[in-house]
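Engineer: Residue numbers (my numbering), protein chains in the order written: chain A, 1 to 480; chain B, 1 to 480.
Glycine included, each C-beta is placed from N, C-alpha and C at the ideal position.
Sharing a structure, written as structure tokens. Questions coming.
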């Protein structure tokens with residue numbers, strides 16, 4: 001390979017150019033997530049060689065101001081010094097308020113469907129990020145291809161093309177999965193319920209992360225299950241040492257963990273800890289339900305692995321869906337229930353007979369034609385940018401003692417406010433300004449996390465969003 | 001109104017023509033369900049006046065050989081003397097065989113999806129009766145009309161257009177229902193589960209009909225509920241006197257009845273008994289879950305009423321779907337849960353978040369454009385004809401001691417065979433001939449009804465079906 005010959009004079013140039021960029025970033029002219037010129041464009045614009053442009057970017061990258069994203073170019077990244085602190089996860093329950101968590105959840109949900117609300121509470125993709133026309137096309141093609149236009153029941157295990165595609169994509173997380181291992185469901189929640197029902201009886205105890213998605217608590221209650229909350233470390237996911245200790249005294253029947261970008265903390269469990277968890281639970285003969293609904297939403301270079309990929313005994317039941325990646329309204333999910341597959345199949349048969357045929361077939365078609373992969377590349381880039389922009393705006397407009405999570409995937413930021421703040425009260429104040437946020441209380445069974453809020457960055461960052469975050473910041477400031 | 005003047009000579013004619021038809025019916029040249037010539041065509045063909053043709057048909061109608069169907073013309077009907085006896089419903093459990101009903105259900109289900117099987121076991125409409133092209137059109141229109149192409153979550157209560165249409169159609173069964181009273185679900189089974197969960201805890205007892213749809217038992221087991229079986233009278237539906245007596249000693253928490261064309265008996269509960277049932281249960285403060293999934297499939301002139309139409313206290317929870325009328329694969333159902341609506345809504349939210357958006361929207365569009373009403377008129381006619389033809393074939397080809405139900409709606413015939421017959425054994429023998437039937441054992445918890453089979457008449461009556469029934473008849477004959 002011929003390296004370009006470097007002109008000595010240009011050797012100073014790259015540093016000057018890097019300096020100018022640095023100043024622009026520091027003074028917020030270039031904002032987090034902004035895309036920089038391509039090497040070629042920069043070289044042309046500044047009359048420098050491509051190699052000089054490259055050296056300037058490497059310099060900025062080394063300093064942590066920008067980052068290269070594969071096949072996308074260079075983007076402004078936060079300098080570590082600009083980051084707010086990470087939120088601390090409380091291990092002990094604070095004195096619970098006379099909190100009716102259920103009531104809070106209902107209230108938060110009701111606001112979600114109101115018109116004219118800035119929805120920072122919804123952890124799913126913005127409609128703007130969905131390739132609607134292509135999905136409609138996939139639906140039309142699927143109806144045309146189907147023998148009876150998708151009017152008849154699916155086979156019990158689910159659409160075979162969809163199952164093949166899911167099995168194919170499992171390759172990305174090191175999965176050795178065949179279509180026979182997969183059962184489709186109506187969204188991830190149904191998959192979780194079938195897996196829970198497959199291995200529990202009412203009265204059993206389930207270990208879950210804390211904080212976690214509030215829907216989980218309701219399902220537990222509805223199934224008559226007890227909950228053991230395991231703290232989550234933002235860098236390592238569920239605290240395995242804590243779990244191991246708890247298992248000595250508490251008869252946990254099954255664990256339900258979101259190992260990739262758990263909601264609301266956004267923690268990603270590292271591979272070695274996934275392996276450790278799978279091993280521990282296999283030894284104790286406790287099944288693991290792995291909710292991998294955010295696993296495809298990674299910002300890094302590769303798809304994070306799953307616990308399922310370390311499972312040699314069929315003890316891990318992976319659940320997922322396209323609700324966070326493609327179309328929540330389609331209600332297309334699945335599980336890979338390992339050795340519990342017969343039980344799950346029989347639950348599916350008795351509870352829903354079969355999943356909806358047209359939506360499954362449309363998603364299968366969308367996968368099969370390669371549209372899914374293309375869409376995922378786009379949406380991951382968009383979300384990464386949005387994530388950085390939201391963090392920057394919160395940093396800029398919230399009080400200095402605010403702490404924000406730094407997720408490497410998913411849809412949400414977990415924001416720790418001054419302990420004086422009651423997040424549900426803040427939610428009510430924000431609703432008066434037509435802004436919907438998720439108060440921390442709804443992420444635990446006893447209304448803990450009362451000074452935390454969850455902010456979704458699913459919506460593209462616009463002036464309207466920025467104004468919303470400015471307003472929110474003011475509400476927090478005015479609180480004390 | 002000017003009545004036509006009747007020529008005396010023609011007065012003899014009508015009787016002669018009626019006689020000729022009678023002979024043709026007796027000798028099976030005209031078969032049950034065959035359509036007769038229109039009055040105009042008959043008058044033309046025979047060179048008689050329309051009024052003479054009319055008199056001939058009235059004569060045949062009075063004798064019970066033919067029947068007039070509104071807006072459809074005249075059809076060959078069975079003469080009552082040709083009917084086999086009605087099956088007797090056993091009140092007491094026979095000595096149960098070492099029967100694993102679950103295993104039987106699984107086996108029957110597995111055969112349903114096999115290729116090349118004559119499926120007389122499936123109680124749903126034949127794909128041949130579904131207006132697929134029009135439904136596809138409705139889907140395309142619905143996607144186009146939807147703000148985000150149906151990719152987003154529905155509002156929790158369900159598609160508003162669909163709910164309005166369901167409310168409108170409730171008029172046909174004397175219902176005073178608004179769209180606010182309705183919650184959409186993913187098929188009728190999900191509606192039943194939400195209603196059951198809304199009013200029971202594990203360990204509670206539910207009164208159901210016997211025999212009943214086997215799916216019900218599995219759901220009860222899955223929800224940890226106990227079952228009290230109430231006998232069904234083919235002419236009156238669930239035995240209310242029996243229920244009333246049982247309620248004196250057994251703490252029934254809720255009743256779940258299929259009041260219109262219950263599966264497998266096909267009984268239609270008369271209006272006065274529906275009213276009586278609603279009153280009884282309101283007094284005892286026991287909620288009634290009314291599964292009305294077959295209610296639209298009536299062969300008579302008017303839609304049968306529902307218990308819900310007699311309910312003034314919100315004590316009746318009606319459940320239904322389009323799975324038996326339009327598209328089982330769409331999984332579009334609903335419930336009208338009366339005073340339990342908040343509980344049902346919260347169950348829906350926690351279990352499935354929301355029903356699938358595209359299929360609901362497509363069905364809403366299909367209703368709204370009037371296509372549903374047209375389709376229902378067609379499918380009802382087709383099913384009525386099929387019902388009569390199947391009964392005739394069974395009468396012709398099964399042993400003389402066979403008894404067959406005479407449903408006025410629905411999809412199934414309940415056939416009582418000689419007590420020597422083991423229906424599950426017959427099912428296995430039939431499967432060797434690639435014919436799938438539903439053995440009676442799977443319609444009770446303890447494998448009763450072992451000499452009954454359920455035959456679905458959802459498939460249009462063809463030579464293939466007739467041959468299948470001939471083969472079945474032979475298997476029964478060879479059994480003893």
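Based on DSSP bridge pairs, tell me the residues matched to residue 185 (chain B).
Structural biologist: DSSP, once it has assigned bridges, lists B:333 as partnering residue 185 (chain B).
Engineer: Can you name the residues of chain A whose CB is closer than 7 Å to the CB of residue 150 (chain B)?
Structural biologist: Simply 329.
Engineer: Against residue 140 (chain B), what residues of chain A qualify as contacts under a CB-to-CB distance less than 9 Å, listed in chain order?
Structural biologist: By Cβ distance, chain A contributes 136, 139, 140, 143.
Engineer: For residue 269 (chain B), name the three-state secondary structure that DSSP assigns.
Structural biologist: Residue 269 (chain B): coil per DSSP, three-state reduction.
Engineer: Is residue 224 (chain B) near residue 251 (chain B), with beta carbons less than 7 Å apart?
Structural biologist: For residue 224 (chain B) and residue 251 (chain B), no; Cβs fall outside 7 Å.
Engineer: Closest by CA to residue 267 (chain B), which one among B:288, B:235, B:382, B:155?
Structural biologist: Of the candidates B:288, B:235, B:382, B:155, the one whose C-alpha sits nearest the C-alpha of residue 267 (chain B) is B:235.
Engineer: Identify the contact partners of residue 127 (chain B) in chain A, using a Cβ-Cβ distance below 7 Å as the criterion.
Structural biologist: Chain A residues near residue 127 (chain B): 148, 151, 152.
Engineer: Taking a cut of 8 Å between CB atoms, which residues from the segment 348–361 of chain B lie near chain A?
Structural biologist: Cβ contacts with chain A come from 349, 350, 351, 352, 353, 354, 355, 356, 357, 358, 359.
Engineer: Which residue from A:387, A:450, A:151 puts its Cα closest to that of residue 409 (chain A)?
Structural biologist: Nearest option by C-alpha distance: A:387.
Engineer: Quickly, what does DSSP pair residue 505 (chain A) with across the bridge? List them, please.
Structural biologist: Lying outside 1 to 480, the shown extent of chain A, residue 505 (chain A) is not represented and no answer is given.
Engineer: With 16 other CB atoms within 10 Å as the buried threshold, where does residue 98 (chain B) fall?
Structural biologist: The predicted model places residue 98 (chain B) with a pLDDT of 33, which falls under 50 and marks its position as unreliable, so this point remains unresolved.
Engineer: From residue 279 (chain A) to residue 207 (chain A), what distance separates their C-alpha atoms?
Structural biologist: Straight-line Cα distance between these residues: approximately 16 Å.
Engineer: Please decide whether residue 202 (chain A) counts as near chain B, where near means a Cβ-Cβ distance under 7 Å.
Structural biologist: Chain B contact via Cβ: present.
Engineer: Contact between the segment 170–184 of chain B and the segment 368–381 of chain B is defined here as three or more beta-carbon pairs at a separation below 8 Å; is this criterion met?
Structural biologist: No contact exists between the segment 170–184 of chain B and the segment 368–381 of chain B.
Engineer: What does DSSP give as the partner residues of residue 202 (chain B) in its beta bridges?
Structural biologist: Its beta-bridge partners do not exist; DSSP assigns none.
Engineer: Run down chain B in chain order and give the residues with a C-beta less than 9 Å from the C-beta of residue 103 (chain A).
Structural biologist: Within 9 Å Cβ-Cβ: nothing; residue 103 (chain A) doesn't reach chain B, min ~11 Å.
Engineer: Quick one: does the C-beta of residue 34 (chain B) sit closer than 6 Å to a heavy atom of the ligand GDP?
Structural biologist: As presented, the structure is devoid of all ligands, the ligand GDP included, so that no description of it is given.
Engineer: In the structure shown, what three-state DSSP assignment does residue 233 (chain B) receive?
Structural biologist: It is a strand residue.
Engineer: Of all the options B:330, B:271, B:140, B:449, which has the alpha carbon lying nearest to the alpha carbon of residue 481 (chain B)?
Structural biologist: The question about residue 481 (chain B) has no answer here: the residues shown for chain B are numbered 1 through 480.
Engineer: Give the straight-line distance between the Cα atoms of residue 76 (chain A) and residue 403 (chain A), rounded to the nearest whole angstrom.
Structural biologist: Their backbone Cα atoms lie some 21 Å apart in a straight line.
Engineer: Let me see if you follow: with CB-CB separation under 7 Å, is residue 464 (chain B) close to chain A or not?
Structural biologist: Cβ-Cβ to chain A under 7 Å: no for residue 464 (chain B).
Engineer: Would you mind telling me which residues of chain E sit closer than 8 Å to residue 193 (chain A), beta carbon to beta carbon, in chain order?
Structural biologist: Absent from the structure is chain E; the protein chains it does hold are A and B.
Engineer: Can you pull the chain A residues whose beta carbon is under 8 Å from the beta carbon of residue 218 (chain B), in chain order?
Structural biologist: Chain A residues near residue 218 (chain B): 346, 349, 350.
Engineer: Run through chain B and tell me which residues come within less than 8 Å of residue 190 (chain A), C-beta to C-beta.
Structural biologist: Going along chain B in sequence order, the residues near residue 190 (chain A) (Cβ under 8 Å) are 351, 352.
Engineer: Which same chain residues end up closer than 8 Å to residue 284 (chain B) when comparing Cβ atoms and leaving out the 5 residues on each side of it in sequence?
Structural biologist: Closer than 8 Å at the Cβ level, and outside the excluded window around residue 284 (chain B), lie 247.
Engineer: Check distances from the C-beta atoms of the segment 215–246 of chain A to those of chain B and list, in chain order, the residues that come in under 7 Å.
Structural biologist: For the segment 215–246 of chain A, which is checked against every Cβ of chain B, the residues closer than 7 Å are 215, 218, 219, 222, 224.
Engineer: Hey, would you say residue 264 (chain B) sits closer than 7 Å to residue 454 (chain B), going by beta carbons?
Structural biologist: Result yes, Cβ atoms of residue 264 (chain B) and residue 454 (chain B) sit closer than 7 Å.
Engineer: Applying a beta-carbon distance threshold of less than 8 Å, which residues of chain A neighbour residue 132 (chain B)?
Structural biologist: Residues of chain A passing the Cβ test: 148, 149, 151.
Engineer: Which partner residues does residue 207 (chain B) have in the DSSP bridge list?
Structural biologist: Answer is B:228, B:255, bridged to residue 207 (chain B).
Engineer: Mind checking if residue 186 (chain B) is an interface residue toward chain A, Cβ cutoff 7 Å exclusive?
Structural biologist: At least one chain A Cβ lies under 7 Å of residue 186 (chain B).
Engineer: Just to confirm the assignment: which complete alpha helix (DSSP H) runs, minimum length 4, are found wholly within the segment 18–60 of chain B?
Structural biologist: Counting whole runs of 4 or more residues, the segment 18–60 of chain B contains the alpha helix (DSSP H) stretches 39–46.
Engineer: In chain B, what lies closer than 9 Å to residue 197 (chain A) by C-beta?
Structural biologist: Residues of chain B passing the Cβ test: 222.
Engineer: Less than 7 Å between the C-beta atoms of residue 166 (chain A) and residue 334 (chain A), yes or no?
Structural biologist: Taking 7 Å as the Cβ cut-off, residue 166 (chain A) and residue 334 (chain A) qualify as a contacting pair.
Engineer: Taking the continuous beta strand (DSSP E) assigned at residue 68 (chain B), which residues delimit it?
Structural biologist: Per DSSP, residue 68 (chain B) belongs to the beta strand (DSSP E) from 66–69.
Engineer: Taking its Cβ as the centre, do 16 or more other Cβ atoms sit within 10 Å of residue 419 (chain B), making it buried, or is it exposed?
Structural biologist: Burial call: exposed.
Engineer: Going by C-alpha to C-alpha distance, which of A:317, A:44, A:366 sits closest to residue 343 (chain A)?
Structural biologist: Ranking the options by Cα distance to residue 343 (chain A), first place goes to A:317.
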